[in-house]
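Counting from 62, one number per residue, gives the positions in the sequence shown under the working numbering. Glycine residues also receive a C-beta, built at the ideal position from the N, C-alpha and C atoms. See structure below.
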Amino acid sequence: MGTKFVIGVTIILGAVVLFFLSGGLKGGKVFYMTPQEFVNSKYNNGERVRLTGRVRIGSAKISNDKPELYFILEDEEATIPIHYAGNVPESFAEGLDVVAEGRMGENFFEAKELIVKCPSKYESRLPEKKTEKK
């Protein structure tokens, strides 16, 4: 039993290593990118990514009749228009950093998940929470 057990475990471990080396779970990879990186990447063709950036002040529009949000995500170099259909996080505000996970659609980045990043404890104060109702 000892020799057969060792051979069996070796074969299983070898198969697991080969699986990961051959790109196993490739479909599960989701990349974090800034708007600038996204604009210049091959991933802006409908592949699922996570965009991280700041919500442009004055750009957020929350729908009155359904849980829906439009805003501009920006960094120092680029902007991406975002559409999020879902419950807007309570802490969402213009000027804050967010992570939007989804795919680029025809006119908007269609976010399936929206996460508001916690501001650093070293920042002096939070921006005012202003969003325009649409």
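- Within its own chain, the residues whose Cβ lies closer than 6 Å to the Cβ of valine 160, once the five positions on either side in sequence are excluded, are Arg111, Thr113 and Ile176, listed in chain order.
- Judged by beta-carbon spacing, isoleucine 123 lies beyond the 8 Å limit of glycine 156, meaning their Cβ atoms are not closer than that value.
- The three-state reading of DSSP puts glycine 75 in helix, counting H, G and I together.
- Taken through DSSP and simplified to helix, strand or coil, threonine 95 comes out as coil.
- DSSP places valine 177 within a strand segment (E or B) once states are collapsed to three.
- For lysine 178, same chain residues with a beta-carbon under 6 Å away, outside a window of 5 residues either side, are Asp158 in chain order.
- For arginine 164, the closest C-alpha among the options Thr64, Ile68, Met94 and Leu74 is that of Met94.
- Taking the Cα positions, alanine 139 is about 13 Å away from asparagine 105.
- Take the alpha-carbon of leucine 130 and the one of glycine 107: they are about 20 Å apart.
- Annotated three-state conformation of isoleucine 68 is helix, per DSSP.
- Phenylalanine 132 and valine 116 do touch by the CB rule: their CB atoms are close to 5 Å apart, below 8 Å.
- The beta carbons of glutamate 174 and glutamate 162 sit about 4 Å from each other, so the pair counts as a contact at 8 Å.
- Glycine 63 sits in a helix when the DSSP states are folded into three classes.
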